[in-house]
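Using the UniProt record's numbering, the letters of the sequence shown map in sequence onto residues 1 to 118.
Note that the Cβ used here is the ideal one computed from N, Cα and C, for glycine as well.
Notes to accompany the following structure.
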Amino acid sequence: MRLTTALAGLIGGALLVLACFVAGDALRWAGLALLAVAALGAGAGLVSRSVPALRILVAVCFALLAGSVLSVLVDAVGAAAYAAVGTAGAVVALVVLVRQRPVPVAQRGHRAGGAHAR
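In structure tokens, the structure reads:
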């Protein structure tokens, strides 16, 4: 899911930036739809996998929050907000794609520290 979300964000951001240079509403809507998919995936990633209903709720709320922030930006700045949001979405997606996941510690290896490790 992480790869799909990151690719949707990268392609959606690129389409939004491209839509600012080419007057195309279809490109803008496609970019917004892909960024919405990326926002849903990012929101779902904020919650542990143990409670699927909570993951769905947080994913939808996160996407709605991102959409409302975009709406405020478009009202305040104009169409240039689409390019800014598209650039931000593409950069975040690239960071997610390039970032390495930490390697889990072996079961019999190092014991985790902290208050909950006992």
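Own chain partners of residue i with C-beta closer than 6 Å, once the 5 adjacent residues on each side are dropped
i: valine 47; result: Leu54, Arg55, Val58
i: alanine 44; result: Arg55, Ala59
i: leucine 8; result: Just to set this straight, residue 8 is alanine in the shown sequence, not leucine. Within the same chain, alanine 8 has close Cβ partners Leu34, Val37, Ala38.
i: leucine 70; result: Val85
Simplified DSSP state of residue i, which is helix, strand or coil
i: arginine 99; result: coil
i: valine 37; result: helix
i: arginine 49; result: coil
i: alanine 66; result: helix
i: glycine 86; result: helix
i: glycine 78; result: coil
i: glycine 24; result: coil
Integer Cβ distance of residue i from residue j, believed to fall under 8 Å
i: threonine 5; j: glycine 41; result: 3 Å
i: arginine 28; j: alanine 19; result: 4 Å
i: leucine 10; j: alanine 93; result: 4 Å
i: alanine 79; j: valine 17; result: That belief does not hold up - the Cβ atoms of alanine 79 and valine 17 are roughly 12 Å apart, past 8 Å.
Start-to-end residues for the alpha helix (DSSP H) that takes in residue i
i: glycine 45; result: Segment: none, glycine 45 is in no alpha helix (DSSP H) and carries neither H nor E.
i: valine 17; result: 2 to 21
Residues near residue i in its chain [Cβ-Cβ closer than 7 Å; skip 5 each side]
i: alanine 63; result: Ala36, Ala39, Leu40, Gly43
Spatial neighbours of residue i in its chain, beta-carbon cut-off 8 Å, leaving aside the 5 residues before and after
i: arginine 49; result: Arg55
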